[in-house]
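Here the protein sequences line up with chains L and H, keeping their order.
FYI, in our numbering the residues of the first sequence are 7 to 182.
FYI, in our numbering the residues of the second sequence are 7 to 182.
There are 2 protein chains.
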Amino acid sequence: MEGGEATRVMVAVNESTIKGYPHASISSKGAFEWTLNKIVRNNTAGFKLLFIHVQVPDEDGFEDMDSIFASPDDFKGMKNRDKIRGLHLLEYFVNRCHEIGVPCEAWTKKGDPKEVICHEVKRVQPDLLVVGCRGLGPFQRVFVGTVSEFCVKHAECPVVTIKRSAAETPQDPIDD
Amino acid sequence: MEGGEATRVMVAVNESTIKGYPHASISSKGAFEWTLNKIVRNNTAGFKLLFIHVQVPDEDGFEDMDSIFASPDDFKGMKNRDKIRGLHLLEYFVNRCHEIGVPCEAWTKKGDPKEVICHEVKRVQPDLLVVGCRGLGPFQRVFVGTVSEFCVKHAECPVVTIKRSAAETPQDPIDD
C-alpha cells in the first residue's frame, strides 16, 4: 500500500459548449477538481493524472464550411488549427497539475468520444477513469448522447462519473 | 486541497455466498482492497472509510424455518444472533483498517441492500461510494439482481463499482 507505482487516474475532458475553445466544460472542470480535492488530496506523489481530450471531427470541421480550400496546404492548416485548439484545452489542466505538483500526461485523439475513451482505457489501462456528466434527465439525454453512461458500461476499468452541482448547472442544462 | 476534512468513502460489504458468515464476499474484499491500494494509499489521515452491511431479513431468517419458537425470548435470541453475524462480518474490515491506521466506522442495516445503500448515502453523504460487483453477463444478472447497477443510477454521490478479476471469479460466477 505504501510505495509501489502511482495510481493512474484518467480524466476525460472536453471543451465548453458555451464558451468554446480553449475553455474546458463545466463538467470536465468539476471532474478534475473532484479528483484533486477528494482523491489526490495532498498525496501528489501517489497519483498520476492522464488527460484525454477527444475531438469530434464533424464538430471541429463545421466552421470550415465557409472556408475555401485551394491547395493541400489549406487542409493542413485546418488540421493544425484543430490540433492547436485541443492543445489549448489540455494546457489548462496540465498547468493546474504543474502548480500543484501532480505528475500528469495529456493527449488528444479524434473520433467519437465515448468509443475513443474506452479504446484509450484499454490501451493505457488506468486504475480509474473519471468522467464529468451534466446530470441530464432522461428526456434531455436522448438528444445529447451520454458519454458517461457508455463509459460506465463499456470501459475496462473502474469508472466514476461526477455530476455538476445545481449551482454550476447553466440555465439550459444541455449547455456545459 | 491540503488540509480540510477527510474524504469519506462508503464501502458496501456483504457476506460470501460460498463461505457464509462471517466471511466477506470476494467482491466486497476486492472493493475494499482497491480502495486501500488505489485511493487511500499511504495517505491514511486523508480518508475515512464507512462500511455499510445490509442484511436481507428473509435470507437471514431462513435457517429459522426448523426452529421452534415458544416464547418472545426465542425471537429475541434470533434477532441477536443475526446482529452478531453482521457484526462479525464488519469486524474483518474494521480490524484491517485498524492495522493500517485508516479511520473508519461500520454499521449494519436490515432491508433490501440496493435501497438501503442509497438511503444511507442520502443520510450520510459520503464523497464516494465503492461497491463490489461480480461482473456477471446479462443472462446471469436477471436472476441475481444488480445492487451495483442500481447504486450507480440512484445513489446521490459519485459511485465506483469494482469488478472481480478473472482469477478471483469462482467456477459459478453467481457465487461470491
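Even glycine gets a Cβ: it sits at the ideal position worked out from N, Cα and C.
Computed from a prediction, not measured in an experiment: that's the story for all the values here.
Between the region 110-121 of chain H and the region 48-61 of chain H, the count of C-beta pairs closer than 8 angstroms reaches three or more; the two stretches touch. When DSSP states are grouped into helix, strand and coil, Arg-170(L) belongs to the coil group. Looking at Pro-78(L), Trp-40(L), Val-17(L), the one whose alpha-carbon comes closest to that of Ala-112(L) is Val-17(L). In the three-state reduction of the DSSP assignment, His-29(H) falls in the coil class. Residues are counted here when their Cβ sits less than 7 angstroms from a Cβ of chain H; for the region 45-60 of chain L these are Ile-45, Arg-47, Asn-48, Asn-49, Gly-52, given in chain order. Proximity to Arg-140(H) across Thr-152(H), Leu-134(H), Val-130(H) peaks at Thr-152(H), based on C-alpha coordinates. Tyr-27(H) and Leu-95(H) do touch by the CB rule: their CB atoms are close to 6 angstroms apart, below 8 angstroms.
In this model, Leu-142(L) and Asp-182(L) are separated by some 11 angstroms (Cα to Cα). Listed in chain order, the alpha helix (DSSP H) runs fully inside the region 74-126 of chain H are 78-106, counting runs of at least 4 residues. A check of alpha carbon separations from Gly-138(L) across Ser-22(L), Ser-33(L), Thr-13(L) identifies Ser-33(L) as the nearest. Assignment of Glu-155(L) by DSSP, reduced to helix, strand and coil, places it in the helix class. For the pair Arg-102(H) and Gly-52(L), the CB atoms are not nearer than the 8 angstroms cut-off. By the CB criterion at 8 angstroms, Ile-45(H) and Val-15(H) fall inside the cutoff. Residue pairing by DSSP leaves Arg-129(H) without any beta bridge partner. Taking a C-beta distance under 8 angstroms as the contact criterion, Leu-42(L) and Cys-110(L) do not qualify as a contact pair. Taking 8 angstroms as the cut-off, the Cβ atoms of Ser-154(H) and Thr-175(H) do not count as close. Scanning its chain for C-beta atoms nearer than 7 angstroms, with the 5 sequence neighbours on each side dropped, one finds around Glu-162(L) the residues Val-127, Lys-128, in chain order. Contact annotation for Val-166(H) against chain L: Leu-134, Pro-164, Val-165, Val-166 [CB-CB distance below 8 angstroms, chain order]. Residue pairing by DSSP places Arg-14(L) opposite Lys-54(L) in a beta bridge. Relative to Asp-178(H), the option among Lys-82(H), Ile-24(H), Glu-11(H) whose CA is nearest is Ile-24(H). With a cutoff of 8 angstroms on beta-carbon distance, Val-158(L) and Val-130(H) are scored as not near each other. In the DSSP annotation of this structure, the continuous segment of the beta strand (DSSP E) that includes Gly-138(H) starts and ends at 134-139. In the structure shown, Glu-162(L) falls within a coil segment according to DSSP collapsed to helix, strand and coil. For Ala-76(L) and Lys-85(L), the gap between their C-alpha atoms comes out near 15 angstroms. Take the alpha-carbon of Pro-78(L) and the one of Glu-97(L): they are about 29 angstroms apart. When DSSP states are grouped into helix, strand and coil, Gln-177(L) belongs to the coil group. Annotated three-state conformation of Val-60(L) is strand, per DSSP. Rounded to the nearest whole angstrom, the C-alpha separation of Val-122(H) and Arg-87(L) is 52 angstroms. Rounded to whole angstroms, the gap between the alpha carbons of Phe-81(H) and Ile-74(H) is 10 angstroms.
For His-104(L), the closest C-alpha among the options Gly-36(L), Glu-21(L), Thr-50(L) is that of Thr-50(L).
Among the CB atoms of chain L, one or more fall inside 8 angstroms of the CB of Val-158(H). Setting aside the 5 residues that flank it on each side, His-29(L) is surrounded in the same chain by Ser-22, each with a C-beta closer than 6 angstroms to its C-beta; the list follows chain order.
Chain H has no Cβ within less than 8 angstroms of the Cβ of Thr-175(L).
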